[in-house]
Amino acid sequence: MTVLTRYDQLVTAGELRPDPEQRAAAERLSLLADAIDHPPKRGLFARLTGGDTPPPRGVYLWGGVGRGKSMLMDLFYDCVAEPAKRRVHFHAFMIEVHARLATERAKEVGNPVPPVAEALAKDLKLLAFDEMVINNTADAMVLSRLFTEMMTHGVTMVATSNRPPVDLYKDGLQRDSFLPFIQLLETNLDVLPLNGPTDYRRDRLGAVDTWLVPNGAAATEALSAAFFRLTDYPVEDRDHVPSCDLDVGGGRTLHVPKALKGVGVFSFKRLCGEARGAPDYLAIARAFHTVILVGIPVLGPDNRNEAARFVTLIDALYEYRVKLLAAADAQPGELYPKGDGRFEFDRTISRLEEMRSEDYLAKGHGEG
Numbered sequence: 136m137t138v139l140t141r142y143d144q145l146v147t148a149g150e151l152r153p154d155p156e157q158r159a160a161a162e163r164l165s166l167l168a169d170a171i172d173h174p175p176k177r178g179l180f181a182r183l184t185g186g187d188t189p190p191p192r193g194v195y196l197w198g199g200v201g202r203g204k205s206m207l208m209d210l211f212y213d214c215v216a217e218p219a220k221r222r223v224h225f226h227a228f229m230i231e232v233h234a235r236l237a238t239e240r241a242k243e244v245g246n247p248v249p250p251v252a253e254a255l256a257k258d259l260k261l262l263a264f265d266e267m268v269i270n271n272t273a274d275a276m277v278l279s280r281l282f283t284e285m286m287t288h289g290v291t292m293v294a295t296s297n298r299p300p301v302d303l304y305k306d307g308l309q310r311d312s313f314l315p316f317i318q319l320l321e322t323n324l325d326v327l328p329l330n331g332p333t334d335y336r337r338d339r340l341g342a343v344d345t346w347l348v349p350n351g352a353a354a355t356e357a358l359s360a361a362f363f364r365l366t367d368y369p370v371e372d373r374d375h376v377p378s379c380d381l382d383v384g385g386g387r388t389l390h391v392p393k394a395l396k397g398v399g400v401f402s403f404k405r406l407c408g409e410a411r412g413a414p415d416y417l418a419i420a421r422a423f424h425t426v427i428l429v430g431i432p433v434l435g436p437d438n439r440n441e442a443a444r445f446v447t448l449i450d451a452l453y454e455y456r457v458k459l460l461a462a463a464d465a466q467p468g469e470l471y472p473k474g475d476g477r478f479e480f481d482r483t484i485s486r487l488e489e490m491r492s493e494d495y496l497a498k499g500h501g502e503g
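Residue numbers (our numbering): 136 to 503.
Below, the structure written as structure tokens:
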């Protein structure tokens, strides 16, 4: 079954509303899936000269939050039968890239990019990125060279992003050095917009308040329902939700008990009751567009360490415009009611209130 056929079925079933841009993207992704699974045979000239058939042209889907980018990526990736494929969150991919580059640089044998690109492209025909966003100079400086090398190894790339290529790393330092990467994307990938009228992610949240008080069965049930709406997880499989072990750097991992389609579920005790710091919280913020946090207690001088970690966590989520759904024993303004440290908590209260606003919820993951 093709991507387009599956998309049309979702529209017919009423799960999606008719959207010409979505349908055009589904049609293009159908053609790409077919091209990957049924590559043309090498011609006589290519066989005689040893030349390779170029990989199929990739696709770059961009648009606002909740416009169906990940949904279409799901359909496409599932329809590609070619086993030599990989799907990865863009931030996770870049963490891997920089680790590999550091290993190659330590060898002191020349330009580290080609061997890293060759290793990443080994036995790979399709590389699919979720949520491409460039917000630091280190990523910007390496991408053009890395992607050029990977494409020479026959890798087709498909990406989703909240921004068109021309707006990636906008106003970033040394952006002139990043322009070749923009040109590379526009030359080698079909850039397709998805900016239809329906924000499915916001629709699926419904009218639920994102900050529920108090902790307890009612809040847990509401947040569980929000998780399943956001992830489209089948009702019959809800006792077997996927989990993951998130790489937080330094050889450490963090177990995420529920992790699906960019939504992660955590307990306050796990995130703020244990010895964790900014690297852990930044890894979470990069990996998930929505975080569900349960069990937030009233804070004060008696649990100062937990409060300090909570402040750092909120700073990280806010920086990456992560949507926060939470269950707590008090509203943000009463979360740290009195005592030493209350004044320093005011900024966190302000951020928590902003994170409940429609303007904040309309922002894309990673947007400034």
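Glycine is no exception: its CB is placed at the ideal position from the N, C-alpha and C atoms.
Do the CB positions of I431 and A461 come within less than 8 Å of each other?
-> Taking C-beta atoms as the reference points, I431 and A461 count as a pair closer than 8 Å.
Could you name the residues of the same chain whose beta carbon sits closer than 6 Å to that of Y495, not counting the 5 residues immediately before and after it, in chain order?
-> Cβ within range, chain order: E489.
Going by other Cβ atoms of all chains shown within 10 Å of its Cβ, with 16 needed for buried, is M423 buried or exposed?
-> A small fix is needed here, since residue 423 is Phe in this sequence, not Met. Label assigned to F423: buried.
Inter-residue Cα distance where the pair is M504 and C214 = Nothing about residue 504 can be read from this structure; the chain reaches only from 136 to 503.
Is it the case that the Cβ atoms of L207 and A160 are separated by a distance below 8 Å?
-> Yes, they are a contact pair.
In chain order, which beta strand (DSSP E) runs of at least 3 residues are fully inside the stretch 263-333?
-> DSSP assignment within the stretch 263-333 yields the following whole beta strand (DSSP E) runs of 3 residues or more, N-terminal first: 291-296 and 324-328.
Beta-carbon spacing of T291, P190 below 8 Å = Against a cut-off of 8 Å, the Cβ pair of P190 and T291 comes out as a contact.
Quick one, are the C-beta atoms of V426 and G408 less than 8 Å apart?
-> Their beta carbons are not under 8 Å apart, which means V426 does not touch G408 by this criterion.
C-alpha gap between R405 and V232, whole angstroms = The alpha-carbon atoms of R405 and V232 are separated by roughly 28 Å.
When the Cα atoms are used, what is the spatial distance from P414 to A148?
-> Whole-angstrom Cα-Cα distance: 43 Å.
Does the distance from the CB of L452 to the CB of A497 come in under 8 Å?
-> Remark: C-beta atoms of L452 and A497 do not approach each other more closely than 8 Å.
Cβ of V429 within 8 Å of Cβ of S402?
-> Yes, they are a contact pair.
In this structure, what does DSSP give as the bridge partners for G399?
-> Bridge partners of G399: A394 and V426.
Enclosing alpha helix (DSSP H) for H233 [first to last residue] = The continuous alpha helix (DSSP H) containing H233 extends over residues F225 to K242.
Sequence-distant residues of its chain with Cβ nearer than 6 Å to F264 (five each side left out) = Taking F264 as the centre and dropping the five residues before and after it, the same chain places the C-beta of F225 and A294 closer than 6 Å to its C-beta, in chain order.
Taking only beta-carbon positions, decide if T291 is within less than 8 Å of chain D.
-> The question asks about chain D, but that chain is absent: this structure has only one protein chain.
Buried or exposed by the 16-neighbour rule on C-beta atoms within 10 Å, applied to K260 | With a 10 Å radius around the Cβ and a threshold of 16 neighbouring Cβ atoms, K260 comes out buried.
In the structure shown, what three-state DSSP assignment does L452 receive?
-> If DSSP states are grouped into helix, strand and coil, L452 belongs with the helices.
Under the three-state reduction of DSSP, which class applies to E217: helix, strand or coil?
-> Looking at E217 - three-state DSSP - the assignment turns out to be coil, as it is neither helix nor strand.
Measure from the alpha carbon of E321 to the alpha carbon of each residue in D258, V194 and T272, then state which is nearest.
-> Of the listed residues, the one whose Cα sits closest to E321 is V194.
Quick one: grab the DSSP three-state call for D382.
-> D382: strand per DSSP, three-state reduction.
Which one of F362, D344 and G307 has the shortest CA to CA distance from N271?
-> Of F362, D344 and G307, the smallest CA-CA separation from N271 is found for G307.
With DSSP run on the structure shown, which of helix, strand or coil describes K260?
-> Here K260 carries a coil assignment [DSSP, helix/strand/coil].
Locate the beta strand (DSSP E) running through L166, then write down its first and last residues.
-> Segment P155 to D172 is the alpha helix (DSSP H) holding L166; no beta strand (DSSP E) there.
Give every residue of the same chain whose Cβ lies closer than 8 Å to the Cβ of P153, excluding the five residues on either side of it in the sequence, and list them in chain order.
-> Counting only Cβ-Cβ distances below 8 Å, and skipping sequence neighbours, we find V146.
Please determine if the stretch 476-486 and the stretch 431-443 are in contact, where contact requires at least 3 C-beta pairs separated by less than 8 Å.
-> At 8 Å Cβ cutoff, the stretches touch.
Using the DSSP secondary-structure output, state which residues sit across from Y195 in a beta bridge.
-> For Y195, the beta-bridge partners assigned by DSSP are A294 and V326.
If we count the other Cβ atoms within 10 Å of its Cβ and call it buried at 16 or more, is L314 buried or exposed?
-> Classification of L314: exposed, given that the 10 Å Cβ count is below 16.
Sort out for me which residues DSSP pairs A252 with in a bridge.
-> Partner(s): none; A252 has no beta bridge.
Which residues bound the beta strand (DSSP E) around A410?
-> No beta strand (DSSP E) holds A410; DSSP gives it neither H nor E.
Going by DSSP, which residues form a beta bridge with L460?
-> Under DSSP, the beta-bridge partners assigned to L460 are I427.
Reducing DSSP to helix, strand and coil, say where T388 ends up.
-> The answer is strand: DSSP assigns T388 an E or B state.
Select from E156, A357 and L365 the residue whose C-alpha is nearest the C-alpha of P332.
-> Per the Cα distances, E156.
Using DSSP with H/G/I as helix, E/B as strand and the rest coil, what is R222?
-> Three-state DSSP puts R222 in a strand.
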